[in-house]
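Chemist: In our numbering, the protein residues as written are 100 to 618.
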């Protein structure tokens, strides 16, 4: 990835060197003309208070955690609090006619060597500190590339499929996702997730962390645009290189994403856009030896004040290959058999307070963690943060597969200092696993009775208040409460009927206060 970024940087600098006019610095979203630089960015500081029960799940899920004795989870976690700063600076550069470039720097929080997840504070319950500055994006864009309606982007870049445009990408958000072939938090990483990375010998690696870094995604994206109605993307991105090594061997060499995406604007009315989407893509692992094929479609349609939406994906192909006898898998092949989707509606009432209500049903298949020749975990590069605790990838548990949920939310807008400058939102979600997920792998792989593992991930209630002090500065206070999360409180695998995360606590709390400045 670094080589691709360097190549793109050299190409961009070469194009800049060829320009003959003096550059200028403007303020705005895009370069106004050739030989210009537009600077934009964001400074965000989040203060948080997180309960002990959340930390215990995150620590108990990390590689190498063991129980001290039967009936004792051996955990020393406690509640924590702190400040999570974030800085993003983006330069949009007009290099020449029809040629531009983007360079973006971002800060990430460092994680520990055994539980590396630097863009999430969750990683730091077990070590790691400091702030690093990374290259977020660096790419060159050419408009009217060979053809008037064709554009081409090459380099380290973002790629997101956000059907509703609300920031919750169901399948792909490259900049905010860990590697696709790694096990979600509710799953047993020894017999399922690790199988995608196991070397040809079939040896099960024993020292991997459950959480994986957010990686730079380099590659190309070619887009055909027909009068702002039809957008057709052909893309190929490298998500991970070199990867995990076991005993000096390269167990996981590459992870790539490539395919074709189609967006069709059905109708546009003001800031409301009705969109039809279809995609065929491939999640590739281990130098393309394992390929998961995804076929999906979605629709987001506005009818007056009513929004109706749905998205569904089916997956097949090869999830992993382990030729040795260690997994006991016939033929050494794990076949992918998974699907996921959601359906719902939102209604905006006509009132000065702009009240709204949203109702959704989500379903993502999951694997039970048993040793067999298929994987039913839904593979994705998602960035869904509807709920603060269960789904959030920043401070929460980041559950992204093997669950179904009912989500109800609502809110309104009012005025404090300026017209319509204050938003209030209330969220309720009911979450359960689809399959009885065996978390015993985190405790040494003890054999457990799956029927004794509770499937209740919990009921969550979140409240959030946002005050927009100005067009660029806002303050957000939020609180999340999870009740009856019996799955997280299950007994350790070393006890009778055990196999859960062994927190001994079914309830969780999370409080945040965020200051966000955009420029």
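For every residue, glycine included, the Cβ atom is placed at its ideal position computed from N, Cα and C.
For clarity, every value in this text was computed on a predicted model and none was experimentally measured.
Would you mind giving the Cβ-Cβ distance between residue 494 and residue 609, rounded to the nearest angstrom? I have them listed as a contact below 8 angstroms.
Modeler: Residue 494 to residue 609, Cβ: 6 angstroms. Contact.
Chemist: For the pair the region 409 to 421 and the region 432 to 451, tell me if three or more CB-CB distances fall below 8 angstroms.
Modeler: As far as the Cβ criterion goes, the region 409 to 421 touches the region 432 to 451, which means the pair count is three or higher.
Chemist: For a minimum of 3 consecutive residues, which ranges assigned as the beta strand (DSSP E) are wholly contained in the region 390 to 474?
Modeler: Runs found: 405 to 420, 432 to 447, 455 to 463.
Chemist: Would you list the one or two residues that DSSP bridges to residue 258?
Modeler: Answer by DSSP bridge pairing: none, since residue 258 is not bridged.
Chemist: Under the rule that 16 or more other beta-carbon atoms within 10 Å means buried, what is residue 156, buried or exposed?
Modeler: Classification for residue 156: buried.
Chemist: Excluding sequence positions up to five away, which residues of its chain have a Cβ less than 8 angstroms from the Cβ of residue 206?
Modeler: Taken in chain order, the residues that qualify are 184, 185, 186, 187, 230, 231, 232, 233.
Chemist: Hey, residue 480 and residue 271 are a contact pair by Cβ (cut 8 angstroms); roughly how many whole angstroms apart?
Modeler: Right, the Cβ-Cβ distance comes to about 5 angstroms (below 8 angstroms), so this counts as a contact.
Chemist: State the Cα-Cα distance for the pair residue 578 and residue 487, rounded to the nearest angstrom.
Modeler: Computed Cα separation, rounded: 8 angstroms.
Chemist: In whole angstroms, give me the CA-to-CA distance for residue 193 and residue 236.
Modeler: Cα to Cα, the separation comes out at about 16 angstroms.
Chemist: Under the rule that 16 or more other beta-carbon atoms within 10 Å means buried, what is residue 366, buried or exposed?
Modeler: With fewer than 16 Cβ atoms within 10 Å of its Cβ, residue 366 is classed as exposed.
Chemist: Is it a yes or a no for the region 565 to 585 touching the region 498 to 511, going by three-plus beta-carbon pairs under 8 angstroms?
Modeler: No: fewer than three Cβ pairs fall under 8 angstroms.
Chemist: Nearest by alpha-carbon distance to residue 317: which of 500, 258, 362 is it?
Modeler: It is 258.
Chemist: With a CB to CB cut of under 6 angstroms and the five nearest residues on each side skipped, what residues in its chain are close to residue 612?
Modeler: 146, 576, listed in sequence order.
Chemist: Going by the beta-carbon positions, is the gap between residue 557 and residue 530 smaller than 7 angstroms?
Modeler: Closer than 7 angstroms, so yes.
Chemist: Quick check on the burial criterion: 16 or more other C-beta atoms within 10 angstroms. Buried or exposed for residue 395?
Modeler: Buried is the call here.
Chemist: Can you tell which of 354, 507, 563 has the C-alpha that lies nearest to the C-alpha of residue 443?
Modeler: Comparing Cα positions, the closest option is 507.
Chemist: According to the Cβ coordinates, are residue 464 and residue 533 closer than 7 angstroms?
Modeler: Yes, these two residues count as a Cβ contact at 7 angstroms.
Chemist: Excluding the 5 residues flanking residue 618 on each side, which residues of the same chain have their C-beta closer than 7 angstroms to its C-beta?
Modeler: Excluding residues within five positions, the ones whose Cβ falls inside 7 angstroms are 139, 140, 571.
Chemist: What number of angstroms, rounded off, separates the C-alpha of residue 554 from the C-alpha of residue 196?
Modeler: If I take the Cα positions, the gap works out to 58 angstroms.
Chemist: Grouping DSSP H, G and I as helix and E and B as strand, with all else coil, what is residue 483?
Modeler: Of the three classes helix, strand and coil, the one that applies to residue 483 here is coil, per DSSP.
Chemist: At what residues does the beta strand (DSSP E) containing residue 561 begin and finish?
Modeler: Segment 555 to 567, the beta strand (DSSP E) holding residue 561.
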